[in-house]
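Undergrad: Dropping the structure in here first, questions after.
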Amino acid sequence: MERVMLAENLEISRFVHGYWRLNDWNLGKDQCLNLIKETLAMGITTFDHADIYGSYTCEKLFGETLKLEPGLRKEIEIITKCGIVLKSPNRPLNNGHHYNTSKSHIIKSAEISLKNFGTDYIDLLLIHRPDPFMDPHEVAEAFSDLKKSGKVRNFGVSNFLPHQYQMLQSYMDEKLITNQVEISAWNLENMENGVLDFALEKRIKPMAWSPLGGGYIFKSNEEKALRLRKTLEEIKMELGAKKIDQVMYAWLLSHPGGIIPIIGSGNLGRVELACESIDYKLTRAQWFRIYDASRGREVD
Ligand code: NAP
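Residue numbering for the sequence shown follows our numbering, starting at 2 and increasing by one per position.
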């Protein structure tokens, strides 16, 4: 599998595997280990987490799985996030759902993540969402301390608009290396609101969450889904692809912005299909047929 340089000290796989839905997959540690090894065999070495996934449980299950084969840690890159506080029986002291990007919260959250993963470094830590109460001095200090201590090697953000990204960057010595945002043939918002243009301008490779629209597109009977499925099916036939999932991934991969899709499926067959989609190259005309089908009208 192709590799992507996000920073001098961080190279990741062209596809990332996302563990948000880990609890839905109902895996024991042995099955989780099998999933990690099988995805590694496909060339996916990068795993996306967040402190809050599975109501604060997913990082720990992943970490306990890694403990079964400690050698795996040096073969993989771990991304995790912080900054959202959720009410959870697993965090009885949390006082309501809010954002917290204070220095103390970021450092504490990263330290808990390290413990959960059973590792002494995180490859990439993201601020999960822009925080309207953010003090950028504090974020910069937290990142600087975590970097100096070697606990976190790189930093980025998620769901940030260009002005929010620039504002935070202006307080930091370290370069923010990515913005993880929702992008798919189903959801064009970040393609149309300047987020992708900004990433291109700054030479930042964005990561695309929900690259299949969270799976909604496969089940929905709303007009947009029907229209998009029809076009994806037509292009699937033209490319000789197996599933429309592959056309959706190929649509993201063909974009000049170097978009890195985060696969959200726990089904190995579907992960394999995703990896194969690298082989399908869309023509410009095919790319625009999907874009138009999503928008419901041709470009002007
Ligand atoms: P997604 O790939 O768009 O959606 C995955 C869902 O689609 C799963 O429930 C999957 O079910 C289903 N699916 C996939 N192929 C299907 C098919 N052919 N037919 C029917 N259902 C199908 O990705 P996502 O899970 O929403 O997001 C991916 C990752 O992005 C997450 O794991 C997380 O790491 C990250 N994320 C980040 C943010 C953020 O704010 N930064 C937000 C959301 C997600 P199966 O498992 O059964 O295949």
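Even for Gly, the Cβ is constructed at its ideal location relative to N, Cα and C.
Nothing here was measured: the structure is a model prediction, and the numbers come from that model.
#1: Please report how far the alpha carbon of residue 66 lies from the alpha carbon of residue 53, in whole angstroms.
#2: Which whole-angstrom value describes the C-beta separation of residue 279 and residue 15, a residue pair presumed to lie in contact below a C-beta threshold of 8 Å?
#3: Pick helix, strand or coil for residue 90, following the three-state DSSP scheme.
#4: Roughly how many angstroms separate the alpha carbons of residue 300 and residue 293, rounded to a whole number?
#5: Please go through the segment 225-292 and give each complete beta strand (DSSP E) segment of 3 or more residues, from N-terminal end onward.
#6: Taking the beta carbon of residue 38 as the centre, do at least 16 other beta carbons fall within 10 Å, making it buried, or is it exposed?
#7: If you pair each beta-carbon of the segment 57-65 with each one of the segment 74-93, do three or more pairs fall below 8 Å?
#8: What does the alpha-carbon distance come out to for the pair residue 218 and residue 72?
#9: Any heavy atom of the ligand NAP closer than 7 Å to the CB of residue 219?
#10: Find out if the Cβ-Cβ distance for the pair residue 182, residue 155 is shorter than 8 Å.
#11: So the candidates are 264, 287, 97; which of them puts its Cα closest to the Cα of residue 216?
#12: Taking the DSSP output, what are the residues bridged to residue 217?
TA: Checking against the coordinates, here is how it stands:
#1: 18 Å
#2: 7 Å
#3: coil
#4: 7 Å
#5: 261-264
#6: exposed
#7: yes
#8: 38 Å
#9: yes
#10: no
#11: 264
#12: None; residue 217 has no bridge partner.
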